[in-house]
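Q: Please see the structure below; I have some questions.
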Amino acid sequence: MKYVSGFLSIVIALFISSTGAEDVLVYGQVGGTVTLPRLMLGSESVLVKWYFGTEANPLIIRNIQGREMIDPQWKDRVSLSKTDFSLIINQIRLEDFKSFKCELKYFRPTQMTLVTTFRLSHVSVQPVSPLLAGTNLTLKCDIEEIFDGTQRRWLSPQKQDLNKDTRAKIGNDGSLTVVRVTGQESGEWTCVVTYQGREAYANTHVTVIDLSPAHSQPIYTSVSSHSLLDLPCFFSIPLPLSWSDSQEKGIQGGRWTFTPSPAEGSCTGVVQTLVNLSLGPPLAWVVNQKRGLNVSALQSKNQNLSLSKKGVTEGDRGEYTCAVEFQRDGTLKRRMCVEVLQLFPSPAPVAFVGQEVNLTCTLGHPLTSDLEVKWIPPHPSSRLPLGSSPHPTLLTIPKATYRDGGRWECELWRNKTKLTSVKITLKIERVPIDVWLLVTICAAAVIFVLLLILTVILIRRHRQRVMRPRRGKRRFCNCKDPKPKGFYRN
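Heads up: the sequence shown runs through residues -21 to -1, 1 to 469, numbered per mature numbering (1 follows the signal peptide of the UniProt record, and there is no 0).
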């Protein structure tokens, strides 16, 4: 058995000797890490030496006992793999792109030396200046030496293969063009170079200047003096990019505009400018309309263009637009639609016992199919129970009682998510006694006046009948001596 093992070792040694020196091409990037692969063959009793270029002294040695020695010039930059003889180079420098030589010296069963030469070829991606969202990104992957079979592909910061992205176009020279980039595509873009089954990665950091992501749904709030309306708008600029990098893009101005929402609920109408951005220095908002807006966020952090407002009314419904203008690349905009939930009683917040009261919970327009309201009445209310949701937006109390008085709350829900709520206090009072007294007095006075008028009329008619003289029957005589003027009454 001993002779068979020795024979196999001799065969392996002859095979290795017959291959001679071989050149292996490996790609790497400045600042990156690369592995020069060297597998372990035969016995572990091997002296390993790695050389750089034409230098006579090795940069790293591992003796047959496994102890390593590293040239001080390469300290903290090179190491040997724990599983084989591969050389790992960290923090690659531009002057490292030369040849490396691996020398393996076997001592058992026979002494032999195997030398392998590696060529480290430079791969790079040219950095690009910060881009504005909506513009096109162009990257180029440069390879110092290209051989047949070398392939290139690109990975996005989300590690997505861009060969399958419809927005990406890869040229024959390996260049990449991505149209209409967004702020979410800021990060490390990678060119993957593949040759003979080995992959090398060249990275470059791309910064896309964009505003905070737009809300996919409206912002919901409610009418209340304590409600806080937050309108977020800030630059999603990742570190290490600073505000000065954005200013280099040529900021020309900015503004917040407001479009009131009409009754039907669509955010259309006359556009109002709320604030304008003054470039300063320092940057500041110039308020155009006194709507109780808080613009202090910009002073505390100059990447934050957000507004806020304490105390919400139904007049705050509508579309708000945050816009920042740049001299050459266009305008960044973020639109957000604000919906305000309102609860109002009819005819008034104060009702009388026995009076019909209507409570309306509304956004100012009919609710969409994915929205519903839930009523929370005072605990002893006569309207309990209300039944399962969805509840009607118009709640009618046919005859109000004292139990209906108290705090009524209307909640707005989407599926299982509560969006906002609004509260009012309904007062139910007894009809005041003085009112009935006044009504009685007025009624009595009217009746008295009518009776007085009727009495006067009757008295006047009676007097007219009494004062009228009676007319007797007229008699005429025929005198013996008639007077010249005719007949006369006796």
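All residues carry an ideal CB built from backbone N, CA and C; glycine is no exception.
All values derive from a computational prediction rather than experimental measurement.
From what residue to what residue does the beta strand (DSSP E) around Q321 run?
A: Translated into positions along the sequence shown, residue 321 becomes position 342. Where Q321 is concerned, the enclosing beta strand (DSSP E) stretches over 309 to 325.
Q: With distances taken from CA atoms, which of T404, P37, H370, E164 is nearest F79?
A: Numbered from 1 along the sequence shown, position 100 holds the residue referred to as residue 79. Answer by Cα proximity: P37.
Q: In the DSSP assignment, find the beta strand (DSSP E) that holds Q130 and state where it starts and stops.
A: One-based indexing of the sequence shown puts residue 130 at position 151. 130 to 134 is the span of the beta strand (DSSP E), which, as asked, contains Q130.
Q: How big is the Cα-Cα spacing for P241 and R296?
A: Locating residue 241 in the sequence shown gives position 262, counting from the first residue. Locating residue 296 in the sequence shown gives position 317, counting from the first residue. Looking at the two C-alpha atoms, the distance is approximately 8 Å.
Q: I'd like the list of long-range same chain contacts for T92, defined as Cβ closer than 8 Å, with 5 residues on each side in sequence excluded.
A: Working through the sequence shown from its first residue, we reach residue 92 at position 113. Taken in chain order, the residues that qualify are E82, L83, K84, Y85.
Q: Check for me: the beta strand (DSSP E) holding M91 runs from which residue to which?
A: Working through the sequence shown from its first residue, we reach residue 91 at position 112. Its beta strand (DSSP E) spans residues 91 to 104.
Q: Quick one: any contact between the segment 89 to 104 and the segment 3 to 10, if contact means 3 or more CB pairs under 8 Å?
A: In short, these stretches touch, since the Cβ pair count reaches three.
Q: At the level of alpha carbons, what is the spacing between S320 and L398?
A: For the purposes of this step, residue 320 is taken as residue 341 along the sequence shown, with counting starting at 1. For the purposes of this step, residue 398 is taken as residue 419 along the sequence shown, with counting starting at 1. With the sequence shown as reference, residue 320 is identified as Leu, and Ser is not the correct amino acid for it. Going from the Cα of L320 to the Cα of L398 covers about 10 Å.
Q: Could you tell me which residues DSSP pairs with Q251 in its beta bridges?
A: Mapped onto the sequence shown, residue 251 falls at position 272. Note: Q251 sits in a beta bridge opposite F237.
Q: Assuming contact is defined by CB atoms lying nearer than 8 Å, are T114 and V172 in contact in what I supplied?
A: The residue given as residue 114 occupies position 135 in the sequence shown. The residue given as residue 172 occupies position 193 in the sequence shown. No, they are not a contact pair.
Q: If you measure between the beta carbons of I355 and Y381, is that distance less than 8 Å?
A: As a position in the sequence shown, residue 355 is number 376, starting the count at 1. As a position in the sequence shown, residue 381 is number 402, starting the count at 1. Against a cut-off of 8 Å, the Cβ pair of Y381 and I355 comes out as no contact.
Q: Considering only their Cβ atoms, is the gap separating F64 from M19 smaller than 8 Å?
A: As a position in the sequence shown, residue 19 is number 40, starting the count at 1. As a position in the sequence shown, residue 64 is number 85, starting the count at 1. Yes, these two residues count as a Cβ contact at 8 Å.
Q: Taking the alpha-carbon positions, what's the N267 to F237 distance?
A: Indexing the sequence shown from 1 puts residue 267 at position 288. Indexing the sequence shown from 1 puts residue 237 at position 258. Approximately 12 Å between the Cα atoms of the pair.
Q: Taking DSSP as the reference, what is the three-state secondary structure of H184?
A: In the sequence shown, the residue the question calls residue 184 occupies position 205. Strand at H184.
Q: Opposite C340 in the DSSP bridges: which residues?
A: Position 361 of the sequence shown holds residue 340. For C340, which the question treats as bridged, DSSP gives the partners L322.
Q: Can you say whether A423 is buried or exposed, counting buried as having 16 or more other CB atoms within 10 angstroms of its CB?
A: Position 444 of the sequence shown, counted from the start, is the residue given in the question as residue 423. Exposed: under 16 other Cβ atoms inside 10 Å.
Q: For L59, which residues in the same chain have their Cβ closer than 6 Å to its Cβ, ignoring the five residues on either side in sequence?
A: Walking along the sequence shown from the start, residue 59 turns up at place 80. These residues qualify, in order along the chain: R41.
Q: With a threshold of 6 Å on Cβ separation, who are the neighbours of G183 within its own chain once the five nearest residues in sequence on each side are excluded?
A: In the sequence shown, counting from the first residue as 1, residue 183 sits at position 204. Before going on, a small fix: residue 183 reads as Thr here, not Gly. These residues qualify, in order along the chain: V104, P106, W168.
Q: Counting along the chain, where does the beta strand (DSSP E) carrying W168 start and finish?
A: Translated into the one-based positions of the sequence shown, residue 168 becomes position 189. Residues 166 to 174.
Q: Only counting the same chain, and skipping five residues up and downstream in sequence, which positions put a Cβ closer than 7 Å to that of M(-21)?
A: Counted from its first residue, the sequence shown places residue -21 at position 1. Because the pLDDT at M(-21) is just 37, under 50, the model does not fix this residue reliably, and the point stays unresolved.
Q: Tell me where the beta strand (DSSP E) around A193 begins and ends.
A: Locating residue 193 in the sequence shown gives position 214, where the first residue counts as 1. Per DSSP, A193 belongs to no beta strand (DSSP E) and is neither H nor E.
Q: Measuring CA to CA, which of V13, V202, R386, S191 is closest to G343?
A: Taking the sequence shown and counting its residues from 1, the one referred to as residue 343 is at position 364. If we check each option's Cα against that of G343, V202 comes out closest.
Q: Leaving aside the five residues before and after A147 along the sequence, list all residues of the same chain whose C-beta is less than 6 Å from its C-beta, in chain order.
A: What you label residue 147 is simply residue 168 of the sequence shown in a count that begins at 1. Correct list, in chain order: L141, V157.
Q: Return the CA-CA distance between K378 and S204, expressed in angstroms with no decimal places.
A: By 1-based counting over the sequence shown, the position of residue 378 is 399. By 1-based counting over the sequence shown, the position of residue 204 is 225. Their Cα atoms are separated by approximately 30 Å.
Q: Could you tell me the distance, in whole angstroms, from the CA atom of F214 to the CA atom of C301?
A: Your numbering for residue 214 matches position 235 in the sequence shown. Your numbering for residue 301 matches position 322 in the sequence shown. Answer to the nearest angstrom: the Cα atoms are 11 Å apart.
Q: For R386, which residues from the same chain have a beta carbon less than 7 Å from its beta carbon, with the 5 sequence-adjacent residues on both sides left out?
A: In the sequence shown, residue 386 corresponds to position 407, counting from 1. The answer, listed in chain order, is P357, K402, T404.
Q: In whole angstroms, give me the CA-to-CA distance for T292 and N394.
A: Walking along the sequence shown from the start, residue 292 turns up at place 313. Walking along the sequence shown from the start, residue 394 turns up at place 415. In a straight line, the C-alpha of T292 is about 26 Å away from that of N394.
Q: Along the beta strand (DSSP E) that carries Y85, what are the first and last residues, could you check?
A: In the sequence shown, residue 85 corresponds to position 106, counting from 1. Unbroken beta strand (DSSP E) run through Y85: 78 to 85.
Q: Can you give me the Cβ contacts of L256 inside the same chain, cut-off strictly under 6 Å, excluding the 5 residues immediately before and after it?
A: Numbered from its first residue, the sequence shown carries residue 256 at position 277. Answer for L256: G232, G233, listed in chain order.
Q: Measure the beta-carbon distance from I376 to V332 and round it to whole angstroms, keeping in mind my assumption that it falls under 8 Å.
A: For the purposes of this step, residue 376 is identified with residue 397 of the sequence shown, where counting begins at 1. For the purposes of this step, residue 332 is identified with residue 353 of the sequence shown, where counting begins at 1. Contact doesn't hold; Cβ gap of about 11 Å is too wide.
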